Amino acid sequence: MPGRIEFAFGNAPRPRRGTGSCRILVLADLAGDAPRAPLAARAPLALASGGTDALAARLAPRLVLPADATLPALTLDFTSVDDFHPDALLARVSLFEEVAAAARRLGDQLQAPAPAPAAPSPPPPAPDDTFASLLGGAVGQGLPAQRHAEDLIRRLVGNVGTPAPDPRRQVLEVAADLARTRALRALLHQPRFQRLEAAWRGLAWLAGNLDTDAGVQIAVLDLGRDELVADLLGEAPVLPALLSAAAEAGGAFGLIAADFVFAATREDVQVLAGLGGLADALDAPLLGGFEPTLAQAPQRLAGETPEAALWQALRQTGGAARLGLALPRLLLRRPFGARSDPIDSFAFEEDSAGAGHEELLWGNPAWGLALLLGRAWTDAEGWDFAPDDSCELDDLPLHVRAVDGERAMQPCAEVFLSESAAEALDALGLMPLISRRDRNAARLYRWRSLAGALQGPWGG
108 MPGRIEFAFG NAPRPRRGTG SCRILVLADL AGDAPRAPLA ARAPLALASG
158 GTDALAARLA PRLVLPADAT LPALTLDFTS VDDFHPDALL ARVSLFEEVA
208 AAARRLGDQL QAPAPAPAAP SPPPPAPDDT FASLLGGAVG QGLPAQRHAE
258 DLIRRLVGNV GTPAPDPRRQ VLEVAADLAR TRALRALLHQ PRFQRLEAAW
308 RGLAWLAGNL DTDAGVQIAV LDLGRDELVA DLLGEAPVLP ALLSAAAEAG
358 GAFGLIAADF VFAATREDVQ VLAGLGGLAD ALDAPLLGGF EPTLAQAPQR
408 LAGETPEAAL WQALRQTGGA ARLGLALPRL LLRRPFGARS DPIDSFAFEE
458 DSAGAGHEEL LWGNPAWGLA LLLGRAWTDA EGWDFAPDDS CELDDLPLHV
508 RAVDGERAMQ PCAEVFLSES AAEALDALGL MPLISRRDRN AARLYRWRSL
558 AGALQGPWGG
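Using our numbering, you'd call the opening residue of the sequence shown number 108 and step up by one each time.
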């Protein structure tokens, strides 16, 4: 087929793997929009005693979000995983203080004595202008966050109505909470915010559920997807030498968890071929995610289409036996709310009536796969185990939603897959995760690579 999908990274001797440790390499976009050193100047960072918070303080993640229909332009800095929590956002993001300030300004106006009428009286202003004047000036002036906050409250006061004589203060309080709720939901569900939160929560989940005292080690290389693509498809990739040097210095990697989701596009197939060659050079399996929508339409890759032809060509490459891709995604946390995970600042419900599937926080299944192998290594006290003996992910976030008027458990791995659907995905070289219907758990159908058995350091 046209296009380069075979990669070879030289014949350097493979690093020696120690018997007393399980070293996991994580590839993930953790810095967001924060400045980064050139890729050649980076190295994997050990997740030491300070855990993810120490790593966050070092990487200083940042998001620069442009204004849209729901939010003003925002720049967000993070120093710990807790900074993604609503209470931290409400305390640190200026937009939410502007909402409170707008409510206070209107409250002050409501308490002020009415001035004596001037003669002659000017014509009454339009209702929107009256409200804007109560907020201390025309809507649209001042800082962007202030404008947005005032506009939110202006619209919401009109929506709340007037259920009792002169209920202005009560209406104002309700409107302020509604404004904060809408803005907070919009921020939590902003796609780039979700991606960064999912990366950090996935890493924290992995690190928090592995026994590092027993010899499990985690090393993290921060890089963006664009950097990954540009490097592996460039003329002189940096990653092979960078990771080989890291393996020589710190010990061979037992497995690689890549927090990236791939599809059967030409670019992704080329990147996956490069990752397969890289994993083979490092003598380690690479775990990642595959486009979750395929879980309900596996026939897309089973027919005579260009997409299917690309996929079959990838499965025949030399490094395909090192690539383990799973789907669908895993739920990383419950929505915030009184019945699930309440916040302290005010009565906030993240999961609104009619909320969409993408408003939940979904994460890469690679986090779950890495956890399974890390636990198997700990239980076996080494690499003498069979991966297929470790396929059950228990104690996943439990969320119950209203579906057609009934309360139903949200599948922990997005959807409830049938056995036939799982078989179809397995036939494509993928690893389906099957949500349990009776509890908050998911089962890996079986361990495999794109080309058959997944090659790794285990010997069971």
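By construction, the Cβ of each residue, glycine as well, lies at the ideal position given by its N, Cα and C atoms. Being a predicted model, the structure only gives us computed values, none of them experimental.
Judged by beta-carbon spacing, A409 lies beyond the 7 Å limit of P435, meaning their Cβ atoms are not closer than that value. Straight-line measurement puts the Cα of D366 at about 22 Å from the Cα of L417. Listed in chain order, the non-local C-beta contacts of A337 below 6 Å within the same chain number zero, local neighbours out to five positions each way being set aside. If you look at A311, you'll find it in the alpha helix (DSSP H) that goes P298 to G315. Scanning the region 359–441 for uninterrupted alpha helix (DSSP H) segments of 4 residues or longer gives 373–389 and 413–422, listed from N- to C-terminal end.
Within the same chain, D136 and F367 come within 8 Å of R332 by CB-CB distance, once the 5 residues on both sides are set aside. Counting C-beta atoms within 10 angstroms of its own C-beta, A353 has 16 or more neighbours from the protein chains shown and is therefore classed as buried. Residue range R169 to L172 is occupied by the beta strand (DSSP E) that includes V171, with no alpha helix (DSSP H) assigned at that position. In terms of Cα proximity to T288, the closest of G322, A207 and P298 is A207.
Counted as a single uninterrupted DSSP element, the beta strand (DSSP E) harbouring T182 occupies residues L181 to D184.
In the DSSP assignment, the residues bridged to E513 are V510. Proximity of the region 313–326 to the region 464–483 meets the contact definition, three or more beta-carbon pairs being nearer than 8 Å. W469 carries a strand assignment under DSSP once its states are collapsed to helix, strand and coil. Looking from the CA of G431, the closest CA among A391, A548, R441 and A445 belongs to A391.
Under a 10 Å Cβ-count criterion, V278 is classified as buried, with 16 or more other Cβ atoms of the shown protein chains found around its own Cβ. Within the DSSP bridge table, the entry for Q324 names R130 as partners. Cβ-Cβ distances below 7 Å link Q301 to L468 in the same chain, with the five nearest sequence neighbours on each side left out; the list follows chain order.
Leaving aside the five residues that flank T186 on each side, the residues in its chain whose CB is nearer than 8 Å to its CB run, in chain order, D160, A163, A164 and A167.
The alpha carbon of A364 has as its nearest neighbour, out of D448, A370 and I325, the alpha carbon of I325. Closest by C-alpha distance to A548, out of T485, A155, P518 and R212, is P518.
For A311, the number of other beta carbons within 10 angstroms of its own is at least 16, and it is reported as buried. If you check the CB distance, D190 and V171 do not come in under 7 Å.
Burial of F397 is indicated by the presence of at least 16 other C-beta atoms within 10 angstroms of its C-beta. Beta-bridge annotation (DSSP): I541 is paired with R550. Annotation for G158: the continuous alpha helix (DSSP H) segment containing it runs G158 to L166. Taking a contact to require three or more Cβ pairs closer than 8 Å, the region 519–526 and the region 534–546 qualify as touching. In the structure shown, the three-state DSSP call for L480 is helix. Around R550, the same chain offers C498, E499 and I541 as residues with beta carbons nearer than 6 Å, after the five sequence neighbours per side are excluded. Minimum Cα-Cα distance from A153 among the listed residues A147, L132, A427 and A509 corresponds to L132. Membership of S351 in the alpha helix (DSSP H) is indicated by the continuous run L346 to G357.
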